[in-house]
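Engineer: Below is one structure. I have some questions about it.
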Amino acid sequence: MSKVIGSVSTSHVPAIGNAIAKRLQQDPYWKPFFDGFIPVREWLARNTPDVVVVVYNDHGLNFFLDKMPTFAIGAAASYGSEDEGWGIPTVPPLAGDVDLSWAIIEGVVKDEFDVTTCQEMLVDHAVTIPLQLLWPAGPPPVRIVPIAVNTVQHPLPSAARCLKFGQSIGRAIAAYGPALKILVLSTGGLSHQLEGGRAGFINPEFDALCLNALINDPEKLTGYTTHQIVELAGSQGSEVLNWIVGRGIVQGETREVLRNYHIPISNTASAVQVLEPV
Ligand code: DHB
Ligand code: FE
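Now the structure itself:
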C-alpha cells in the first residue's frame with residue numbers, strides 16, 4: 000500500500016524563481032529564506048519520496064477566470080510549465096504518475112468530490128518553484144500528481160471543504176496498492192495581498208496561528224469563513240487553503256519536523272513547514 004511520508008508546505012512567490020536564476024541564495028535579502036530549505040533537503044535525503052502530490056493554485060496559466068474548477072486533478076504522463084507573466088525561467092517537463100492520479104480521482108469522486116480531471120495540464124510557478132527549492136540541482140527525482148485548488152476566483156471552497164477534500168485524497172492514497180512513498184507538497188501563502196489599498200498586508204499573528212493549528216488541530220482553521228480568511232490573511236492569503244488540503248492528506252497526528260518563517264519575500268510572509276505522521 001502507498002504511504003504518505005510527510006508534508007512540506009511552502010510559499011511560492013515568483014521572485015524566488017528569479018533569485019534562483021540569478022544565484023542570489025547568499026544575498027542578504029534572500030539568505031534567511033533560502034537557508035530555511037537546507038534542513039528540508041536534509042529531511043528529504045533521509046525520506047526519498049517516489050511521488051509528490053502537489054497541492055497548489057493555478058495563477059491564470061492553465062485555468063483563467065472564464066473557466067475555474069474548484070478542484071482539479073492532473074492525470075497526465077507529463078506536465079509542461081510556462082511563465083504566466085512573471086518573467087521566470089521555465090523548467091523541463093515534469094513526470095506524472097497517471098495510475099496514482101486516477102486512483103485519487105476515483106477515490107475522491109466516490110466521496111462526492113466532483114473534480115475536474117486534466118489529462119493535459121500546464122503548471123505554473125506554484126509548482127515549479129517549490130520543486131526547485133526541494134531539488135535545486137536539477138530535475139526532481141520523483142513523479143508528480145498536481146492538484147489545483149481555486150483560491151483565486153470567489154466563491155472559494157471553504158476551509159472545512161478543503162480539509163475534507165484532503166482527507167479524501169489521503170484515504171485514496173492509503174488504499175492504493177503499489178508501495179509508493181508519497182510526499183505532500185502544499186504551496187502558497189502565508190499572508191499576503193498583492194493589490195488594492197491593503198497591498199503589502201501581512202499578518203504574522205494569524206500566520207503563527209495557522210502554522211500551529213496545522214500540526215494537530217487543522218479543524219481550528221475550518222472555523223474561519225472565506226471572508227474572515229481574506230480579512231486576516233490578505234486576498235492572496237487565501238492560498239492557505241492549499242495547506243489545509245495538504246494537511247488533510249497527511250491525516251492523523253503529526254509532528255512538526257521544522258518551520259522557517261521569514262517576512263517579507265516580495266509581498267509575502269514566506270514560510271516553510273515540514274510535518275511527519277506520528
Ligand atoms: C507573490 C506571491 C504569490 O503567491 C504569487 O502567486 C505571486 C506573487 C508576491 O509576493 O510577489
Ligand atoms: Fe500565489
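So in numbering that gives the first Met the number 0, spot 218 of the sequence shown is number 217, and the numbers just go up one at a time.
No residue lacks a Cβ here, since even glycine has one placed at the ideal position from N, Cα and C.
Quick caveat, the model's predicted, so the values are computed rather than measured.
Express the C-alpha separation of Lys109 and Lys30 in angstroms, rounding to a whole number.
Structural biologist: Approximately 45 angstroms between the Cα atoms of the pair.
Engineer: Taking 7 angstroms as the line, does the beta carbon of Val235 fall inside it for any heavy atom of ligand 1?
Structural biologist: Before going further, note that residue 235 is Gln rather than Val in the sequence given. It does: the Cβ of Gln235 is within 7 angstroms (strictly closer) of some heavy atom of ligand 1.
Engineer: Is it the case that the CB of Glu204 approaches a heavy atom of ligand 2 more closely than 7 angstroms?
Structural biologist: Checking the Cβ of Glu204 against ligand 2 gives no.
Engineer: Who are the near neighbours of Phe32 in its chain, counting only those whose CB is closer than 7 angstroms to its CB and skipping five residues on each side?
Structural biologist: So the list reads His261, Ile264, Ser269, once near-sequence residues are dropped.
Engineer: Is His153 near ligand 2, judged by its Cβ being under 7 angstroms from some heavy atom?
Structural biologist: Answer for His153: no, Cβ out of range of ligand 2.
Engineer: Taking only runs that begin and end inside the segment 24-92, name each unbroken alpha helix (DSSP H) of 4 or more residues, in chain order.
Structural biologist: Qualifying alpha helix (DSSP H) stretches, in chain order: 30-34, 37-46.
Engineer: Sorry if obvious, but does the Cβ on Thr221 come closer than 7 angstroms to a heavy atom of ligand 1?
Structural biologist: Incorrect: Thr221 has no Cβ contact closer than 7 angstroms to ligand 1.
Engineer: Does ligand 1 have a heavy atom nearer than 7 angstroms to the CB of Gly187?
Structural biologist: True, at least one ligand heavy atom lies under 7 angstroms from that Cβ.
Engineer: Let me check understanding here. Comparing Cα to Cα, which of Pro154, Arg197, Ile143 lies closest to Leu179?
Structural biologist: Checked all of Pro154, Arg197, Ile143; the closest Cα to Leu179 is Ile143.
Engineer: Taking 7 angstroms as the line, does the beta carbon of His261 fall inside it for any heavy atom of ligand 1?
Structural biologist: Not under cutoff, so the answer is no.
Engineer: On the three-state DSSP scale, how would you describe Gln272?
Structural biologist: In the structure shown, Gln272 sits in a strand (DSSP, three-state: E or B).
Engineer: Within the same chain, show all residues whose beta-carbon is closer than 7 angstroms to that of Thr116, passing over the 5 residues directly before and after it, in chain order.
Structural biologist: Cβ neighbours of Thr116 beyond the five flanking positions: Ile72, Ala74, Ile104.
Engineer: Pick from Gln166, Thr224, Val52: whose alpha carbon is nearest that of Ile248?
Structural biologist: Out of Gln166, Thr224, Val52, Gln166 has the C-alpha closest to the C-alpha of Ile248.
Engineer: Does ligand 2 have a heavy atom nearer than 7 angstroms to the CB of His226?
Structural biologist: No, the beta carbon of His226 sits no closer than 7 angstroms to any heavy atom of ligand 2.
Engineer: Measure the beta-carbon distance from Pro129 to Thr186 and round it to whole angstroms, keeping in mind my assumption that it falls under 8 angstroms.
Structural biologist: Right, the Cβ-Cβ distance comes to about 5 angstroms (below 8 angstroms), so this counts as a contact.
Engineer: For a quick check, are the C-beta atoms of Leu189 and Ala232 less than 8 angstroms apart?
Structural biologist: Yes, Cβ-Cβ distance for Leu189 and Ala232 is below 8 angstroms.
Engineer: Do three or more CB pairs link the segment 19-29 to the segment 191-201 at distances below 8 angstroms?
Structural biologist: The segment 19-29 is not in contact with the segment 191-201.
Engineer: Between Thr127, Trp242, Thr253, Gln250, which lies nearest to Ser8 when the distance is taken from Cα to Cα?
Structural biologist: Checked all of Thr127, Trp242, Thr253, Gln250; the closest Cα to Ser8 is Trp242.
Engineer: Our contact map puts Val122 next to Pro91 with C-beta atoms below 8 angstroms; I'd like the distance itself, whole angstroms only.
Structural biologist: The Cβ separation is near 12 angstroms, so there is no contact.
Engineer: Are the Cβ atoms of Val133 and Arg40 separated by less than 8 angstroms?
Structural biologist: Here residue 133 is Leu; the residue named in the question, Val, does not match the sequence. Taking 8 angstroms as the Cβ cut-off, Leu133 and Arg40 qualify as a contacting pair.
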